[in-house]
Structures are given as C-alpha cells and as structure tokens.
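In the working numbering, the protein residues as written are 69 to 199.
Even for Gly, the Cβ is constructed at its ideal location relative to N, Cα and C.
Remember, it's a predicted structure, so these values are computed and weren't measured experimentally.
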C-alpha cells in the first residue's frame, strides 16, 4: 500500500535510505510495483542493526490509542495485516529461515492484564484490533 501511494504521482525513480530489514523490504516492494530503486546505506548486511534483532509481527500491534481507532482505520489496518500475513507466508521455509511463525499465548482475567497493565492503570489504552 505504501509503495502504491509513493508511486501514485507517476515518479518511477525512488531512493531508499538504509538497507536493514525495513529499507530492503521497502526497496523490494517498490521494485515489485515497477519502480527503479537506488539504496543509499552506510552499512551493508550483515553489518546492519536488523541482522542482530528479532522482529515480531502481530495483527493486533499497539498501533494507536483507542480514541483514534476509527472504523476507517480499523478497516485499513485489517487490510494491511492480511496483506502482510499473506506476504510472510511466501517466506516460510526459505533457506536461512527469514520468517518463522511461533505461537504465543496470554492467559488473563481481563484485556488490561493480558497487555501487562494493572487494573485501573491511568495510561491511555491501545486499540484492540484483533479479530
């Protein structure tokens, strides 16, 4: 979706800054969408921070506070989560295991407890975007 928005103005030459996980992913998606991509990076893999990090993806990530989770945003988030999930499935089982799925479970009496917040915590709540 971001690549489509970036190319909506007709430009087909795009610069990507950095070649960690996000930079390389952005470059790849832009290329798949028809862009000519140049990557500018200080360091190259495996000498990038992403090579040392573990990333977790969940469709109910803490993306926004409840008061900003409009119905339109919830629909957009669901489309993005479904598209990401489908893309990640194509990366399962590849050499080097770039993507692995692991099951994670939370057991709690309330949604706040599942998120590690004590009952009555005054901090703003993140929107619950899971289905």
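- Residue 89 has its alpha-carbon roughly 19 Å from the corresponding atom of residue 131.
- Secondary structure note for residue 154: it is in no beta strand (DSSP E), and the uninterrupted alpha helix (DSSP H) holding it is 139–157.
- Runs of the alpha helix (DSSP H) lying entirely within the region 85–111 and spanning at least 4 residues, in chain order: 89–100.
- Comparing alpha-carbon positions, the option among 141, 170, 122, 116 lying closest to residue 196 turns out to be 141.
- Distance check between residue 79 and each of 94, 85, 98 places 98 closest, using alpha-carbon atoms only.
- Here DSSP, grouped into helix, strand and coil, assigns residue 75 to helix.
- In the structure shown, residue 70 falls within a helical segment according to DSSP collapsed to helix, strand and coil.
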